[in-house]
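Everything below concerns the one structure shown next.
Number of protein chains: 6
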Amino acid sequence: MKYIETLREGERVADIYLCKFKQSAMTKNGKPYETVILQDKTGTIDAKIWDPNSQGIDDFEALDYIEVMGDIISFNGILQLNVKRIRKCREGEYDPKDFLPVSTKDIGEMYAELTGYVNKIKNEYLSKLVNSFFIDDEEFAKAFQYHSAAKSVHHGFVGGLLEHTLGVVKLCDFYSKNYPILNRDLLFSAALFHDIGKMKEISRFPENDYTDDGQLLGHIMIGTMQVAERIGTIPDFPAKLSSELQHCILSHHGELEFGSPKKPAIPEALALNFADNTDAKLQTMTEVLGSSDGKPEWLGYNRLFESNIRKSSL
Amino acid sequence: MKYIETLREGERVADIYLCKFKQSAMTKNGKPYETVILQDKTGTIDAKIWDPNSQGIDDFEALDYIEVMGDIISFNGILQLNVKRIRKCREGEYDPKDFLPVSTKDIGEMYAELTGYVNKIKNEYLSKLVNSFFIDDEEFAKAFQYHSAAKSVHHGFVGGLLEHTLGVVKLCDFYSKNYPILNRDLLFSAALFHDIGKMKEISRFPENDYTDDGQLLGHIMIGTMQVAERIGTIPDFPAKLSSELQHCILSHHGELEFGSPKKPAIPEALALNFADNTDAKLQTMTEVLGSSDGKPEWLGYNRLFESNIRKSSL
Amino acid sequence: MKYIETLREGERVADIYLCKFKQSAMTKNGKPYETVILQDKTGTIDAKIWDPNSQGIDDFEALDYIEVMGDIISFNGILQLNVKRIRKCREGEYDPKDFLPVSTKDIGEMYAELTGYVNKIKNEYLSKLVNSFFIDDEEFAKAFQYHSAAKSVHHGFVGGLLEHTLGVVKLCDFYSKNYPILNRDLLFSAALFHDIGKMKEISRFPENDYTDDGQLLGHIMIGTMQVAERIGTIPDFPAKLSSELQHCILSHHGELEFGSPKKPAIPEALALNFADNTDAKLQTMTEVLGSSDGKPEWLGYNRLFESNIRKSSL
Amino acid sequence: MKYIETLREGERVADIYLCKFKQSAMTKNGKPYETVILQDKTGTIDAKIWDPNSQGIDDFEALDYIEVMGDIISFNGILQLNVKRIRKCREGEYDPKDFLPVSTKDIGEMYAELTGYVNKIKNEYLSKLVNSFFIDDEEFAKAFQYHSAAKSVHHGFVGGLLEHTLGVVKLCDFYSKNYPILNRDLLFSAALFHDIGKMKEISRFPENDYTDDGQLLGHIMIGTMQVAERIGTIPDFPAKLSSELQHCILSHHGELEFGSPKKPAIPEALALNFADNTDAKLQTMTEVLGSSDGKPEWLGYNRLFESNIRKSSL
Amino acid sequence: MKYIETLREGERVADIYLCKFKQSAMTKNGKPYETVILQDKTGTIDAKIWDPNSQGIDDFEALDYIEVMGDIISFNGILQLNVKRIRKCREGEYDPKDFLPVSTKDIGEMYAELTGYVNKIKNEYLSKLVNSFFIDDEEFAKAFQYHSAAKSVHHGFVGGLLEHTLGVVKLCDFYSKNYPILNRDLLFSAALFHDIGKMKEISRFPENDYTDDGQLLGHIMIGTMQVAERIGTIPDFPAKLSSELQHCILSHHGELEFGSPKKPAIPEALALNFADNTDAKLQTMTEVLGSSDGKPEWLGYNRLFESNIRKSSL
Amino acid sequence: MKYIETLREGERVADIYLCKFKQSAMTKNGKPYETVILQDKTGTIDAKIWDPNSQGIDDFEALDYIEVMGDIISFNGILQLNVKRIRKCREGEYDPKDFLPVSTKDIGEMYAELTGYVNKIKNEYLSKLVNSFFIDDEEFAKAFQYHSAAKSVHHGFVGGLLEHTLGVVKLCDFYSKNYPILNRDLLFSAALFHDIGKMKEISRFPENDYTDDGQLLGHIMIGTMQVAERIGTIPDFPAKLSSELQHCILSHHGELEFGSPKKPAIPEALALNFADNTDAKLQTMTEVLGSSDGKPEWLGYNRLFESNIRKSSL
């Protein structure tokens with residue numbers, strides 16, 4: 001397979017790619033053509049189908065995997081694929097992992113580690129609640145492992161939500177061992193649930209984009225409501241505990257201006273906010289600095305960190 | 001009945017008041033006594049029961065109505081009631097309206113006006129939803145009419161939630177007639193529901209204080225969840241419409257730093273934010289300036305308005 | 001007439017347009033040419049006059065109406081008009097409304113509605129003052145009806161200042177009926193005057209751009225001074241009332257950081273601030289969403305509303 | 001004369017003071033009495049007239065000079081004057097300078113120095129304008145010399161407005177010699193006028209408090225309008241120059257959130273902002289640190305400077 | 001020993017306390033007396049020595065340990081000690097730990113744990129540097145263990161600086177195991193040094209107050225300079241590493257407005273900022289909630305957390 | 001010499017320029033070429049060396065002076081130099097002042113004026129300290145005179161640091177004459193040192209870019225440490241004076257969010273902040289408006305001044 005980041009002007013391409021986007025358009029002279037964006041895990045490339053009679057042109061939609069034949073040209077300094085022939089592929093002809101960004105860690109192992117923490121929750125109500133999602137609900141569990149934690153920024157890849165959640169849970173585990181004021185059961189539960197709203201805020205791969213609900217309600221609201229609804233199905237779940245768990249989820253961004261409608265008001269909410277922020281920012285730093293080859297050279301201004309940034313020299 | 005604001009040093013009191021607060025305490029010399037706060041609609045007064053053998057002392061709790069006999073003294077320049085005798089009253093001996101702040105408008109008439117707007121909603125799903133609260137659920141309707149919209153600040157009285165909601169709905173009615181981009185059904189529904197979360201955020205009178213849920217979740221979250229839950233019981237309620245209505249409720253404070261987890265993203269959400277703010281602030285101004293007797297004199301710095309304020313001269 | 005938004009590459013044009021801008025320039029090889037921007041109510045197009053001997057080239061200035069003959073080409077993907085021949089038009093050959101953005105509402109009807117409110121002002125001093133502008137001063141009245149309320153953003157079209165002022169007055173009318181603390185005469189007068197400074201802050205169409213005074217002083221300052229000056233010509237105008245009216249005008253942006261040197265300190269000033277903000281933002285929303293065809297699709301991030309925005313689904 | 005700051009418990013007083021405030025009140029037992037605040041240049045003291053038949057009690061008003069006889073007591077740890085007898089004084093019996101805070105510099109000399117700068121203005125229009133206030137208008141000149149620049153904070157004493165204005169003009173003189181981009185005539189004129197609005201924002205001594213106009217309009221607006229009005233009486237005053245001068249006055253606070261409706265847009269406006277800020281803050285520092293006796297000891301947190309402050313050790 | 005928090009009105013006291021403060025004063029009637037504040041680890045009490053001839057009155061200074069004899073009275077509702085006799089104590093008569101707030105953890109054990117981390121640093125230059133402070137410099141080591149990390153807020157007790165530093169190092173240890181982008185040696189060194197400036201910013205117990213240098217320079221600046229100076233004594237210390245370590249110290253508050261002159265620009269600086277913030281806030285939460293007896297009751301508004309706070313119910 | 005700003009398409013160039021930047025690159029077709037940026041004091045131009053066998057191509061580095069022969073072409077509307085031949089120049093063939101921006105004032109005269117102020121410092125310790133840098137250390141003195149005060153913005157030219165420092169010292173001289181609370185010796189010393197950290201924050205010309213230390217530590221920190229270190233070599237330098245001087249340097253940006261870790265806490269620190277800000281902003285205004293030819297025309301929005309700006313009309 002010829003990865004997109006390796007393509008050069010003048011080359012002929014005949015390979016399978018994911019069609020990320022497809023739209024009919026019209027040239028300035030009124031001739032119809034198709035604009036397509038192709039993707040693999042190394043990047044994307046614009047493709048044009050100028051000939052409306054091109055073979056296979058009507059057989060595929062966005063998010064299909066397609067085999068394309070064509071030539072690489074350079075237009076205004078940017079590479080473009082001039083498509084001659086297209087064929088929609090069948091499942092089995094391709095491995096989705098070649099076309100989507102994926103966690104560098106093993107998803108199965110991460111999930112096993114995560115469920116290890118699930119099993120440590122002793123409070124019967126929280127245990128029931130957490131199990132009902134992560135252990136008993138196979139569809140949820142599968143989707144959770146596959147989901148991304150972001151459209152871009154940090155953990156924006158297959159397995160990203162799992163990797164981030166595991167990172168947060170592990171920090172919370174460390175906190176609860178070192179700061180006796182924290183209740184481990186409540187903190188673990190809150191950590192496990194804190195970003196599940198992202199499964200509805202962001203659509204699944206390959207789309208991985210904000211949903212209508214995501215834009216109108218946001219993952220904080222969505223996740224809190226999911227947990228509240230499920231609690232409603234567990235008899236005698238203590239009301240105060242329910243409110244505390246929901247509070248942890250909705251205050252986990254820490255500040256009103258970051259989208260939390262309440263500031264952390266109990267120790268576990270505060271700890272969750274720190275864990276989420278620490279894992280998110282250190283992962284972002286890792287992703288941003290990752291492509292540099294280890295030397296302490298400045299990468300220029302980064303808006304998130306409000307600073308020029310670089311690796312350290314050691 | 002002798003209203004609290006008219007009491008003077010040296011007077012003897014023998015009348016019924018609401019007991020807002022009761023607590024046992026100890027003098028510096030180790031003698032037990034009771035601290036009580038009495039309330040009627042004109043204000044509150046501290047009362048002390050120094051003699052642990054005072055009659056009736058153990059028969060009542062906070063939020064009971066009690067008949068007290070005692071003397072008004074002045075301690076450190078503040079009036080205090082020295083209680084000699086106490087008797088817990090039975091329902092019927094008193095009229096709660098004498099002891100609580102109440103809307104100056106007729107609650108029944110306001111609710112009739114509000115249901116008039118309910119009936120104007122044509123969309124079948126929104127109509128069903130709104131009716132299920134305001135018309136079909138008598139307990140909700142009764143509680144809604146009785147509730148306050150605040151612990152203090154604006155509309156902090158019996159009927160306050162109703163009065164504020166009606167004010168907001170009327171503004172929305174005016175908006176929807178003048179700005180065609182607004183959908184009346186969605187806007188009315190959002191206006192009716194926007195503050196119902198306050199019924200759980202703030203406890204009922206006479207307590208009228210923040211609840212545990214109110215502090216942990218807030219009325220924006222609580223109200224949105226109540227509406228979402230009820231929508232779940234209405235078959236075929238359009239998902240997009242559901243999200244839009246929830247969005248209006250959760251964005252009605254207009255800014256993240258005011259506790260809305262999302263900024264208004266659709267015209268109706270923006271309009272609701274204006275209506276809520278306009279009614280709230282003009283009512284606050286009315287309450288603050290109300291006690292001044294009409295002359296344009298400066299009342300000093302007001303933190304909410306970040307300015308010295310006064311009435312105008314006309 | 002061939003509207004600019006319909007022009008296509010390769011077409012020949014021979015029609016009248018407004019010349020918005022004209023400047024002599026030099027090619028990289030040192031040959032002189034003219035850059036011109038043409039405008040009609042559907043948009044603008046760049047035009048170049050490459051031949052210094054082109055007929056009519058020296059006869060016109062910016063803001064003249066001109067008949068041009070030439071060809072549409074595409075340069076760097078943007079349409080451009082290659083001008084061959086130009087002729088300056090005489091008044092009567094064109095209708096300015098074809099070349100400028102105009103309110104979708106009837107200007108005469110709006111002004112009649114506005115003067116209806118003028119007549120409702122009962123206070124003799126305010127009535128005299130308001131009449132002296134809107135009724136007695138024909139030149140002012142004519143200019144007021146023609147003016148825009150903005151360079152771009154909201155109400156940036158012929159009649160825009162009138163349409164916005166009317167919208168604000170109507171909101172104030174509604175407020176004054178529902179909130180007894182507001183004095184109608186003062187509020188109406190303040191609403192009528194609140195943006196008249198824009199007539200000097202922004203030049204008349206077709207220029208519609210910030211003036212020197214506009215940039216140095218701003219419409220808040222200019223409008224307040226105009227009103228203060230006129231008050232000086234009305235005998236016995238009460239000093240307090242004069243200050244209150246000026247205060248309403250200068251505080252109508254509501255916050256110091258929005259350019260008001262004082263925060264609203266009297267109820268009418270607060271109400272005017274709400275009316276101005278409500279009308280401005282709902283109109284902006286209408287203008288921004290207007291071009292979308294009714295479906296609830298996201299328009300992307302809008303800086304003014306600090307959110308992605310879309311229409312609602314109803 | 002016995003200065004207020006030297007009074008001690010148990011002393012008898014028989015001296016002249018300024019009556020800053022007078023109000024009738026009622027004891028908790030319903031007996032009428034008078035509350036009075038007495039002032040001299042060293043401070044103020046509360047005085048009570050308990051006997052409604054006290055001699056002279058009805059003959060004076062606030063801001064009269066009165067001779068009082070009475071005894072100093074301590075109430076709740078604060079000194080108070082128990083008045084026995086009062087007599088309103090005639091002009092000539094007292095020297096106002098003993099009762100009001102006064103500049104430590106000679107007012108006549110300062111004004112002479114200020115008019116020296118007036119004479120350096122060469123532009124005929126600016127010269128006419130400035131002369132019309134500071135030289136030709138004797139009443140203005142006298143009031144200007146006597147006025148304070150603040151209710152409290154910096155330059156809040158007789159001659160304060162003059163002292164501050166002179167300080168600002170001198171800084172502007174230095175700037176204009178060192179930064180050629182600055183026009184001296186415009187900068188001097190702006191400096192001379194920048195705070196004249198305070199003469200209407202703050203009432204004259206001994207009251208020295210915010211006026212109604214001061215609170216509604218503020219000295220920036222008032223001063224700008226005064227200058228604009230006077231310009232209207234000078235034939236052919238260049239319009240651009242008029243706008244620039246007004247702009248300097250209204251932008252001299254430098255930031256919108258400090259009450260300037262425009263940010264400085266021309267070099268002279270920027271320079272005036274620096275001069276005003278520099279003189280105001282260094283004078284404030286001088287006043288705050290002045291009472292300490294020269295040793296570098298910390299005075300605690302100062303809200304204006306957002307820091308603990310002290311003198312330096314040299 | 002009778003602890004201060006147990007004293008009651010009417011009791012006679014004859015015990016040893018730390019004199020925190022001593023000042024001569026004058027009654028309103030001109031009689032000299034002494035004001036003294038006494039302290040033990042449970043609190044403080046005001047004491048007055050009214051008789052200038054009281055025995056021992058001239059023999060002691062602030063921060064001496066003194067034996068006092070006197071009576072407890074109540075003045076304005078606050079307990080006060082009326083001192084009759086005083087005697088300055090000799091070392092050995094008292095145990096300082098009874099008079100100062102002390103960490104609840106064993107200082108020796110904590111320091112042993114800390115030096116364990118010191119030994120893990122492999123980079124020869126960082127190892128030399130860290131050892132030169134924590135291992136080789138006994139005076140530093142002793143002072144470090146004894147010092148507080150704050151005047152009040154978090155870790156404001158003997159051993160507080162050590163306890164906080166250890167907490168931060170342990171978090172950094174956890175981070176460096178989980179986030180490969182972090183260099184452990186640099187991060188450990190930065191964590192160990194991050195608050196050593198507090199040893200000069202805050203004076204030693206029993207005073208424990210801001211020093212002159214602390215107020216003028218702050219612990220961030222002081223600590224960075226101490227490290228820079230020591231680096232200068234280590235031959236061939238890499239310049240880049242030196243800058244990175246100093247950068248970590250000076251950016252550890254994370255935001256300019258929190259007193260860091262630079263934002264974190266390398267991963268280790270970012271991680272240190274998270275570790276410092278996490279340990280400080282969780283400890284603050286522990287201290288604030290610690291006095292409540294475990295029930296989830298609201299403690300009211302806390303300025304640091306900008307929220308009402310309480311413990312959770314589990 | 002042919003200045004870069006005068007070059008036109010089609011011209012042949014054969015002249016000496018400074019090579020600001022040099023990098024090897026690869027065309028899309030895989031052919032190696034060199035990208036070079038050439039600079040003289042009038043601007044910069046991109047140059048390409050397409051032929052890897054071009055003469056002289058390997059003999060020079062960035063920041064060498066080179067003689068180039070080639071042709072000016074236009075690529076995507078931007079001028080570019082197609083290099084045919086290159087030759088590295090020897091010292092003496094060129095005058096650096098032709099290639100770098102330089103102060104319009106005489107550097108020698110400015111330094112003489114500066115040392116005049118150095119000599120006015122009477123305090124023996126401050127005098128020794130200041131002399132040790134500006135008089136005794138010839139290398140420092142030479143570098144100081146040559147250095148820029150910025151990468152761009154204000155005083156970003158050879159001699160800029162000197163010119164700015166002199167401007168600040170002169171303002172401080174004026175302040176110290178007019179505000180007696182200021183100590184001249186301390187203020188002069190602080191002004192002289194306030195920006196010396198820029199000599200290590202920004203590299204020397206021709207590079208004039210942020211150094212690694214500059215980005216990690218900043219000139220405030222660097223300068224303070226340089227002064228602190230030198231003080232350590234002066235016997236008996238008073239500790240308090242040392243802290244005050246360091247405090248002035250580190251607080252001279254005035255606000256934490258501008259990178260000062262402390263707000264000004266003593267009068268001299270406050271004055272230095274005003275002097276630095278005044279000179280910097282007036283110089284920036286001068287540089288920004290300088291290119292306009294004196295007419296009061298608007299230059300558009302300036303981000304630093306947050307306003308459209310123009311010259312005044314006088």
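Going down the list, the sequences are from chains U, A, V, R, H and B.
Residues 1 to 314 (the UniProt record's numbering) are what the first sequence spells out, left to right.
Residues 1 to 314 (the UniProt record's numbering) are what the second sequence spells out, left to right.
Residues 1 to 314 (the UniProt record's numbering) are what the third sequence spells out, left to right.
Residues 1 to 314 (the UniProt record's numbering) are what the fourth sequence spells out, left to right.
Residues 1 to 314 (the UniProt record's numbering) are what the fifth sequence spells out, left to right.
Residues 1 to 314 (the UniProt record's numbering) are what the sixth sequence spells out, left to right.
Idealized CB from N, CA, C, for every residue including glycine.
Taking all protein chains in view, the Cβ of U:Asp-213 is crowded by 16 or more other Cβ atoms within 10 Å, so the residue is classified as buried.
The beta-carbon distance between H:Leu-114 and H:Leu-161, rounded to whole angstroms, is 11 angstroms. This is too long to meet the 8 angstroms contact definition.
Three or more beta-carbon pairs drawn from the stretch 17-32 of chain U and the stretch 61-72 of chain U are found closer than 8 angstroms, and the two stretches are therefore classed as touching.
Residue contact check for U:Gln-23 against chain V: no CB pair falls below 8 angstroms. In this structure, the beta-carbon distance from B:Pro-261 to H:Ile-220 falls below 8 angstroms. In the pairwise beta carbon analysis, the stretch 245-253 of chain R is classified as not touching the stretch 234-250 of chain V: fewer than three pairs are separated by under 8 angstroms. At least 8 angstroms separates the CB of H:Asn-208 from every CB of chain R. Between B:Leu-270 and the set H:Leu-216, H:Ile-86, H:Glu-163 and H:Gly-290, the nearest pair of CA atoms involves H:Leu-216. Between H:Val-68 and H:Leu-100, the CB-CB gap reaches or exceeds 8 angstroms. Look at A:Leu-182: its C-beta is not under 8 angstroms from any C-beta on chain U. CA-to-CA, the gap between H:Glu-138 and U:His-154 works out to about 45 angstroms. Just measuring C-alpha positions, the residue of V:Ala-275, V:Ala-150 and V:Tyr-210 sitting nearest B:Glu-297 is V:Tyr-210.
In this structure, the straight-line span from the alpha carbon of U:Val-158 to that of U:Val-130 is close to 22 angstroms.
When Cβ-Cβ separations below 8 angstroms define contact, V:Tyr-179 makes contact with chain A.
Partner residues in the beta bridge of B:Thr-44, as assigned by DSSP, are B:Gln-39. Annotation for U:Arg-85: the continuous beta strand (DSSP E) segment containing it runs 78-88. Your pair H:Ile-4 and H:Ile-45 checks out as a contact, with CB atoms roughly 5 angstroms apart and the cut at 8 angstroms. When the Cα atoms are used, V:Asp-40 and V:Leu-272 turn out to be separated by approximately 35 angstroms.
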